[in-house]
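Participant: Please see the structure below; I have some questions.
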Amino acid sequence: MASLVDSVARFPTPTDTTAVKRFVHMAGYYRRFVSDFASKAAPLTRLLRKGVVWRWAEPQQEAFEQLKKELTQRPLLAYPDFSKPFKLVTDASKVGLGAALTQDQGQGEQPITYASKINSETVANYTITELERAAVVWAVKLFRPYLYGRRFELITRRSSGS
Numbered sequence: 001m002a003s004l005v006d007s008v009a010r011f012p013t014p015t016d017t018t019a020v021k022r023f024v025h026m027a028g029y030y031r032r033f034v035s036d037f038a039s040k041a042a043p044l045t046r047l048l049r050k051g052v053v054w055r056w057a058e059p060q061q062e063a064f065e066q067l068k069k070e071l072t073q074r075p076l077l078a079y080p081d082f083s084k085p086f087k088l089v090t091d092a093s094k095v096g097l098g099a100a101l102t103q104d105q106g107q108g109e110q111p112i113t114y115a116s117k118i119n120s121e122t123v124a125n126y127t128i129t130e131l132e133r134a135a136v137v138w139a140v141k142l143f144r145p146y147l148y149g150r151r152f153e154l155i156t157r158r159s160s161g162s
């Protein structure tokens, strides 16, 4: 993990699509350590779409700096304790879906892992209720190894993201 911190800390501000792709791929490998990674990286990944004109502006710089900051801080993920109940927190917006698997291990709620993804154009057109349902189904499938056969608390949140 120390080499990741060094690599991320030294990564220069991207000046072209290739550099953005390198950064997003490097950061994406560690996405489970970053809450709501897909939404945070969205301004960068938009530059990678076919036919998009290169334009590095404030949203891209902010996303780049935020991801660098979160990837260079000490990860605060806890190991799962299968003798204790899990809490699954889902989040849905027009931009993407997010989920956090947490557990109270005597020091308050601690994250076990995070997951997020950008919505397709079709999913982005869902109503907020449909988005919330999609987030729950996606998260339960994704975290099935942790949740299968166990009681867990489900908390849904809706984002106002457009």
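Note that UniProt numbering numbers the sequence shown so that position 54 is 54, with each residue one more than the last. All residues carry an ideal CB built from backbone N, CA and C; glycine is no exception. This structure is a prediction, so every number in the text was calculated from the model and none was measured.
Short of 7 angstroms in beta carbon distance, which residues of its chain neighbour residue 161, apart from the five on each side in sequence? Order them along the chain.
Facilitator: Start at 1 with the first residue of the sequence shown, and residue 161 comes out as number 161. Residue placement at residue 161 is flagged as unreliable, the pLDDT there being 49, under the threshold of 50; the coordinate-derived value follows with that caveat. Once the five neighbours on either side are set aside, the close Cβ partners of residue 161 are 39, 93, 94 and 95.
Participant: Pick out the complete alpha helix (DSSP H) segments inside the stretch 9-55, 4 residues or longer, and give them in chain order.
Facilitator: Counting whole runs of 4 or more residues, the stretch 9-55 contains the alpha helix (DSSP H) stretches 17-29 and 37-45.
Participant: Closer than 8 angstroms by C-beta to residue 105: which residues in its own chain qualify, once you throw out the five before and the five after it? Chain order, please.
Facilitator: Along the sequence shown, read from residue 1 onward, the residue named residue 105 stands at position 105. So the qualifying residues of the chain are 78, 81 and 84.
Participant: Could you pull the DSSP bridge partners for residue 118 from this structure?
Facilitator: Against the sequence shown, residue 118 aligns to sequence position 118. Partner(s): 96.
Participant: Quick check on the burial criterion: 16 or more other C-beta atoms within 10 angstroms. Buried or exposed for residue 48?
Facilitator: If you number the sequence shown from 1, residue 48 lands on position 48. Result: exposed.
Participant: How about residue 152 and residue 64: do their beta carbons lie closer than 7 angstroms?
Facilitator: In the sequence shown, the residue the question calls residue 152 occupies position 152. In the sequence shown, the residue the question calls residue 64 occupies position 64. No, the Cβ-Cβ distance between residue 152 and residue 64 is not below 7 angstroms.
Participant: Exposed or buried, which one is residue 150 when buried takes at least 16 other CB atoms within 10 Å?
Facilitator: Translated into the one-based positions of the sequence shown, residue 150 becomes position 150. Under this definition residue 150 is an exposed residue.
Participant: Just mark residue 31 as buried or exposed, buried being the case when its beta carbon has 16 or more other beta carbons within 10 Å.
Facilitator: For the purposes of this step, residue 31 is taken as the residue at position 31 of the sequence shown. So residue 31 counts as buried.
Participant: According to DSSP, simplified to helix, strand and coil, what is residue 66?
Facilitator: The residue given as residue 66 occupies position 66 in the sequence shown. Helix at residue 66.
Participant: Would you mind working out which of 89, 66 and 62 sits nearest residue 142, comparing C-alpha positions?
Facilitator: Residue numbering aside, residue 142 sits at position 142 when the sequence shown is read from its first letter. That would be 89, whose Cα lies nearest to the Cα of residue 142.
Participant: Exposed or buried, what is residue 125 when buried is set at 16 or more other beta-carbons lying within 10 Å of its beta-carbon?
Facilitator: Stepping through the sequence shown from its first residue, residue 125 is reached at position 125. Classification of residue 125: exposed, given that the 10 Å Cβ count is below 16.
Participant: If you compare alpha carbons, which of 133, 14 and 50 is closest to residue 61?
Facilitator: Walking along the sequence shown from the start, residue 61 turns up at place 61. Here the closest residue by C-alpha is 14.
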